[in-house]
Amino acid sequence: MRPERAPAGGDPPVTGAAEGPSPGRAPAVRAGGAEVRFADRVLWSGVDLAIEPGTFTAILGPNGVGKSTFLKVVLGLQRLSAGWVEVLGAPAGRERHRIGYVPQRKSFDQSLRLRGVDVVRLGFDGRRWGVPVPGTRSRHARTTVAEAVALVGATGFAGRPVGDLSGGEQQRLVVAQALVRGPDLLLLDEPLDNLDLANQGAVARLVQRICRERGVTVMMVAHDVNPILPYLDQVVYLAAGHAVAGTPSEVITTETLSGLYGAPVEVLRASDGRLVVVGAPEPPALHSDRHAR
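Count the sequence shown with the numbering used here and you get residues 1 to 293, in order.
Right, here's the structure in full:
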């Protein structure tokens, strides 16, 4: 996709927009001609997109193409080498307090005795030192934490030590931690890693429900599109230094993915109507360092 500059005196161009459930509102995230370069290597360039509020978008692509870097750009932690990105109506980084973020992580150690509800509570007042002071604020915190735990379906196990919980249960609590302060935008960096197929689908359904019920815009980095495809409103697919953004039916096609990869990629439609991606190549040089970017 070609870089595109914002016209002087007007709004930046918007391309690749999904048909989200919140018509009439400004996009939660939009970009024009965005590029990230490290020394003489262009990670990706010419990224043009608009992500509508209250939608579920997946950032997809093979290992090492810069999916996590894209989230860092949205957070304002990674500078662009060209183009622009606007987040929640302001330059990236300015409205960071309105963003919930779940970084890449492995499972909690089995020896960790911190309760699940305490992990969620850290998202509410983890920046404050000392033991919570009893009073109105403490009661408000308990109520808010309980609501976030219930939202992700974790009430039944949030009182147990987090080290005793399954990977899927732990991931629900981490999502609750990111939601507890009521963000407008939720960024999830490979939250399905180390989960089996059943739990991957369960987390994807949970994220979709949060979008629908709370109007939270969600951007999730994922490596495998198949378990989450039925739940998505929009896809941003990164490959070979380029990106294509749009609805799943627009982007997840044999022609589009084969063009991005420069190699045959087949997209099939299952008997129940689901799209299934088959044979997407994985660059060998990047496979050994999956989370480098």
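Backbone N, C-alpha and C fix where the C-beta goes; we use that ideal spot for every residue, glycine too.
When the Cα atoms are used, L185 and P191 turn out to be separated by approximately 16 Å.
According to the DSSP assignment, G61 belongs to no beta strand (DSSP E), since it is labelled neither H nor E.
In this structure, the CA atom of A240 is about 23 Å from the CA atom of L187.
Residue burial annotation: S249 is exposed, with fewer than 16 other C-beta atoms found within 10 angstroms of its C-beta. For D125, the uninterrupted alpha helix (DSSP H) segment begins and ends at 116–125.
The bridge partners DSSP lists for R105 come to none.
In the three-state reduction of the DSSP assignment, D164 falls in the helix class. With a cutoff of 8 Å on beta-carbon distance, V277 and A58 are scored as not near each other. Annotation: L49 to F157 spans about 39 Å, alpha carbon to alpha carbon. If the five residues before and after G215 are omitted, its C-beta is found closer than 6 Å to the C-beta atoms of G54, all from its own chain and listed in chain order. Secondary structure of E266 (DSSP, three-state): strand. Rounded to the nearest whole angstrom, the CA to CA distance from R30 to E52 is 9 Å. Less than 8 Å divides the Cβ of R121 from the Cβ of A141. Bounds of the beta strand (DSSP E) holding R30 are 29–38. A contact is defined here as three or more CB-CB pairs under 8 Å, and the stretch 245–262 fails this definition with respect to the stretch 200–217. Nearest C-alpha to L173 among Y231, Y101, A270, V85: Y101.
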